[in-house]
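Peer 1: In our numbering, the protein residues as written are 204 to 440.
Next up is a structure, given as structure tokens.
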């Protein structure tokens, strides 16, 4: 009898264990939700008044300056997911749940404009059966302000990688190396000289009347040859 009870109990626990497993359908639904999660950033520029001490007069003066910060947002977080975010610069890791979001969007701001920061994300299932399963891993890189973009040599070359305002990869160049690189872009992009209006007019006339031009050239050449022949014949006499 005791043996029968053990067999029944084992079978019952086995059924519970099967029911507790993360099913294929549930995991497929979670994977679809996880595939929609993405991270992006927005540049926020604010005008603020800051106090400075004049080194000459030692008076406190107020100047209006523009402060830049980055707003980073993670989209499409659902109640069935949670996200682990790791800051590669500081090593700090935080878990983000739907309760921390506003309608599925989690946002935070950073005043760090001097460092490129990579954020590593791991998305987990939040349901009881699928908790702990990594559904998706990805990384997002926060840019920094490129100091070279403020150099005079970059004026008019804002689309060139070395002169872009925001960069996600370090530019390891000296000022002289930067100037050399940019000179290469300037030479490549120098506009070709266009013919002036008078030249364009002559070209158009020739294009539109090329048959008559050819006949004229042949006639003039023939007359010139005959004239030379007559002159030579008379000289021989």
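Note that beta-carbon positions come from the ideal geometry of N, C-alpha and C, so glycine has one too.
Work out the CA separation of residue 343 and residue 239 for me, nearest whole Å.
Peer 2: 15 Å
Peer 1: Taking Cβ to Cβ, would you say residue 336 is nearer than 9 Å to residue 225?
Peer 2: yes
Peer 1: Using the Cα positions of residue 277 and residue 259, report the straight-line distance between them to the nearest angstrom.
Peer 2: 48 Å
Peer 1: Where does the unbroken beta strand (DSSP E) through residue 338 begin, and where does it stop?
Peer 2: The continuous beta strand (DSSP E) containing residue 338 extends over residues 337-345.
Peer 1: Is it a yes or a no for the region 369-383 touching the region 250-257, going by three-plus beta-carbon pairs under 8 Å?
Peer 2: no
Peer 1: Determine, using beta carbons only, whether residue 329 and residue 385 come nearer to each other than 9 Å.
Peer 2: no
Peer 1: Rounded to the nearest angstrom, what separates residue 230 and residue 333 at their Cα positions?
Peer 2: Across the structure, residue 230 and residue 333 are spaced so that their CA atoms are roughly 7 Å apart.
Peer 1: Does the Cβ of residue 255 have 16 or more other Cβ atoms within 10 Å, making it buried, or fewer, making it exposed?
Peer 2: If you draw a 10 Å sphere on the C-beta of residue 255, you find fewer than 16 other C-beta atoms in it, and that means exposed.
Peer 1: Excluding the five sequence neighbours on either side, which residues of its own chain have a C-beta within less than 6 Å of the C-beta of residue 303, listed in chain order?
Peer 2: 309
Peer 1: How many Å lie between residue 340 and residue 323 at the Cα?
Peer 2: Approximately 8 Å between the Cα atoms of the pair.
Peer 1: Reducing DSSP to helix, strand and coil, say where residue 354 ends up.
Peer 2: coil
Peer 1: Name the one or two DSSP bridge partners that residue 284 has.
Peer 2: Paired residue(s): 328.
Peer 1: State the DSSP-derived secondary structure class of residue 218, mapped to helix, strand or coil.
Peer 2: Unreliable positioning characterises residue 218 in this predicted model, as indicated by a pLDDT of 41, which lies under 50. A coordinate reading is not provided.
Peer 1: In the DSSP output, what is residue 268 paired with across the bridge?
Peer 2: Per the DSSP secondary-structure output, residue 268 pairs in a beta bridge with 251.
Peer 1: Under three-state DSSP, which class holds residue 428?
Peer 2: Helix.
Peer 1: To the nearest angstrom, how far is it from the Cα of residue 418 to the Cα of residue 429?
Peer 2: 17 Å
Peer 1: So, with DSSP's three-state summary, where would you put residue 321?
Peer 2: strand
Peer 1: Tell me whether residue 206 sits in a helix, a strand or coil according to DSSP, three-state version.
Peer 2: Legend: pLDDT at residue 206 = 36, less than 50; position of this residue unreliable, value from coordinates given subsequently. Helix.
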